[in-house]
Each structure stands twice: as structure tokens, then as C-alpha cells.
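Since the structure comes first, as C-alpha cells, the remarks are kept for the end.
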Ligand code: CP
Ligand code: NVA
């Protein structure tokens, strides 16, 4: 779980948050604001990924992740190659190690959505190019990066913000916990007993002592005074056989008007999508005035573009931050 600078290749991966410095995440958010603004203004000449190709492996379905990565790479002047994990036979037709080494000969980066988290770690280990986690059974860091950015751009991000995730202790909840290990905030997960998050990630995040992290089983108690109510599907990809049992067990964990009334009046509602109205979230809350769900989805594009520039054209990324710092310093001197 790292953005570990690999000595032998001098490359960076984005597999998770745990090895990141929180200030680097804020730096990435500032760059994401710049990237977002540039797109709104029309940025046809800005091509920091020119001549770069990104191999994207999808072993699970996707709409947002696939579209936002492919479009983002195109907008930055690069080229995305879509690969179906099944058809390339990752780990069956050929070894993870060989796929990682082979793709490194053709491409500038690998973006992968996989079942087993150990496989993305294997790819990162053997690839000589940056590797990005586009969701595994364990985590979904690109999602949570865009989520936290969605709060940051609204001026809502601060160290006492209370983010309450209501539902399954799944991959998205795990990434929130990982984030809490590096950026200070108040994270609460309200989940049924037996649907806890990954215990290793939880222990590691708590051991860092950066954020207050609570795990509760009473959604109403958790939602009290929340700044953010967040949810995700009750049945993640790959768990379809458990769907009926989950519908029963998770029924008290729906985000609806009654639960939202426990949160602060100005609280926002978030969901990573795809969403099932009437299950984890009621239709009136999903489509209501406190929902920022579509902003989150849009921000996947801007934040991932920023991340790719950071990973693939670090000089361009550094240039922005240097200019930004100089501008801020000169503003201070003049004021
Ligand atoms: N939120 C998200 O990752 O959506 P997709 O599964 O459609 O990519
Ligand atoms: N927890 C969900 C997230 C989908 C973006 C899943 O893994 O299916």
C-alpha cells in the first residue's frame, strides 16, 4: 500500500495511502483544482502525457473508473489501452510477473481493477512503470481521493470534519480508514457486527494516531452531528451470492431522511456509485439537495488526471507547485 519510490526503477505507484505523507495529498488536491479549472477554461494545448500510453486492466465491471481514466488520459495527450483481465489471462494464461514485465516494455503506466489485492501488489513489484490501484477487494483509493477532494474544494475539509460511512466495512470503507492514517479527520464507520473493515488496515491506521477512528454498530448514534454521511452498495462485486442475506442484515443501515436528520443541518451526502435507491440510500436523499454524489463522480476525472501527471510527468507537476509557492510568497510580501 504505497507510493513507494522504488530505488531500482525510480518509479512511484499509487496502491493506497498508507505510505503517503498527508501534505502530499493536499498538494495533489491543489493540483486537481488547477486541472479542473484548466478543463473548464478549455485546455487543448496542455498535454503533459503526450507520447505516454497507459495499459488499463479491468477484471471487474466499471463505468466511472474506466471512463474517467480513459477520458483523462486522452485529454492530457496520452493513449489508453483497455484490457480485459479475463481475456489476457492474468495469472492463468501467463504469470502476474510476466504480464507486469511485458506491459512495462510497451507502456508508461498500468491502471488495474482486480479481485485479489495481492495481485496488484505483485504487478507493482514486477513492473518497472507506475501502477495505480483502480479497485481491489481490499481497497479503492482513487475513489476516496476524489471523495476527500470533493470536500476540500467546497472548503469543508478540516481536521475535525466528521465523516460517517454507513454500511459495509468494504473496500471503500477500508480506503477511508487508510486515509485517516495519513490525513487528520474524524472517521466513523457504522456497520453490522460481522461486516467489519480489514483489521490490519484498521490497526495500522489507528497506530499512526493521526485521526480519531470509531467503529460503531448503531447508525443513528454514528450519524449524530455528522458533517458527511457516506454510503456504498451492501453487496460488492464478487459477493452476489450473499445478496439476499445482506439485504436483510443491512436494512437498518440505509441512509434516508430519518438518518440524515441526525446529522448537522448543513451535512452533505456522499456515495461512490453505482447506487441502489431503496437499498443503501433512499431515492429522496440520493437526489436531494444535500447530495454531492455526482460531484464526487465528476471529480474522479480531475483527481486521476492530477495523479497521472504526478506519476508520469513529475517535472510538470513540480513546476506547478514551485510557481504556486512563488505566487503565494509574492502575495504575502505585497499584502
Ligand atoms: N465508483 C466506481 O468506481 O464506479 P465504477 O465501478 O463504475 O468504476
Ligand atoms: N464496494 C463496491 C465499490 C464499487 C465502486 C464494489 O467493490 O463493488
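Numbering (the working numbering), first residue to last: 3 to 337.
All C-beta atoms in this analysis are idealised placements derived from N, C-alpha and C, irrespective of residue type, glycine included.
A quick note: this is a predicted structure, and the numbers were derived from the prediction, not measured.
Out of curiosity, what's the CA-to-CA distance linking residue i and residue j?
i           : j           : result
residue 335 : residue 326 : 14 Å
residue 34  : residue 308 : 5 Å
residue 188 : residue 230 : 10 Å
residue 131 : residue 109 : 8 Å
residue 299 : residue 333 : 34 Å
residue 242 : residue 170 : 14 Å
residue 95  : residue 238 : 26 Å
residue 240 : residue 149 : 23 Å
residue 101 : residue 117 : 16 Å
residue 215 : residue 182 : 7 Å
residue 60  : residue 106 : 17 Å
residue 91  : residue 220 : 43 Å
residue 255 : residue 273 : 14 Å
residue 176 : residue 80  : 31 Å
residue 311 : residue 89  : 29 Å
residue 53  : residue 119 : 30 Å
residue 67  : residue 77  : 15 Å
residue 328 : residue 48  : 21 Å
residue 226 : residue 217 : 14 Å
residue 302 : residue 337 : 36 Å
residue 103 : residue 123 : 13 Å
residue 44  : residue 50  : 15 Å
residue 41  : residue 247 : 44 Å
residue 22  : residue 157 : 22 Å
residue 63  : residue 86  : 10 Å
residue 281 : residue 201 : 26 Å
residue 315 : residue 253 : 46 Å
residue 26  : residue 290 : 33 Å
residue 46  : residue 317 : 20 Å
residue 249 : residue 197 : 13 Å
residue 38  : residue 111 : 22 Å
What does a CB cutoff of less than 6 Å around residue i pick up in its chain, not counting 5 residues either side in sequence?
i           : result
residue 285 : 279
residue 321 : none
residue 31  : 151, 154
residue 99  : 128
residue 271 : 231, 287, 292, 293
residue 147 : 305
residue 8   : Bear in mind that the predicted position of residue 8 carries a pLDDT of just 39, short of 50, making it too unreliable to give a figure here.
residue 257 : 168, 231, 233, 283, 287
residue 224 : 166, 190, 192, 218
residue 251 : 194
residue 82  : 56, 58, 72, 75
residue 245 : 237
Can you give me the Cβ contacts of residue i inside the same chain, cut-off strictly under 7 Å, excluding the 5 residues immediately before and after it?
i           : result
residue 306 : 70, 71, 74, 144
residue 113 : 56, 58, 71, 134, 136
residue 330 : none
residue 323 : 29
residue 93  : 121
residue 173 : 137, 138, 139, 140, 141, 142, 238
residue 126 : 15, 17, 133
residue 222 : 261, 264
residue 36  : 322
residue 319 : 33, 311, 312
residue 161 : 186, 187
residue 297 : 152
Following the continuous beta strand (DSSP E) through residue i, name the residue where it begins and the one where it ends.
i           : result
residue 58  : 55-60
residue 167 : 164-168
residue 324 : First-last for residue 324: 316-336, but that is the alpha helix (DSSP H), not the beta strand (DSSP E).
residue 86  : 81-86
residue 112 : 111-115
residue 278 : Here residue 278 belongs to no beta strand (DSSP E), and DSSP marks it neither H nor E.
residue 135 : 133-135
Provide the residue span of the alpha helix (DSSP H) that contains residue i, from first to last.
i           : result
residue 283 : Here residue 283 belongs to no alpha helix (DSSP H), and DSSP marks it neither H nor E.
residue 153 : 143-155
residue 1   : For residue 1 there is no data in the structure shown, the boundaries of the chain being 3 and 337.
residue 30  : 24-43
residue 71  : 66-77
residue 293 : Here residue 293 belongs to no alpha helix (DSSP H), and DSSP marks it neither H nor E.
residue 107 : 98-108
Excluding sequence positions up to five away, which residues of its chain have a Cβ less than 8 Å from the Cβ of residue i?
i           : result
residue 228 : 164, 165, 166, 190, 264, 265, 266, 269
residue 276 : 65, 235
residue 20  : 3, 4, 180, 183, 184, 203, 206, 207
residue 195 : 219
residue 12  : Here the model assigns residue 12 a pLDDT of 45, short of 50, so the residue's position is not dependable, and the following value carries that caveat. There are no such residues.
residue 199 : 171, 172, 175, 176, 179, 191, 193, 217
residue 84  : 58, 60, 68, 72
residue 212 : 24, 182, 183, 184, 185, 186
residue 210 : 183, 184
Under 7 Å from any heavy atom of the ligand MG, does the C-beta of residue i make it?
i           : result
residue 330 : With respect to the ligand MG, the structure offers nothing, as its ligand set consists of the ligand CP and the ligand NVA.
(Q) Quick check on the DSSP output: what are the complete beta strand (DSSP E) runs of length 3 or more inside the region 176-202, in order along the chain? (A) 188-192
(Q) For a minimum of 3 consecutive residues, which ranges assigned as the beta strand (DSSP E) are wholly contained in the region 211-282? (A) 214-218, 230-233, 270-273
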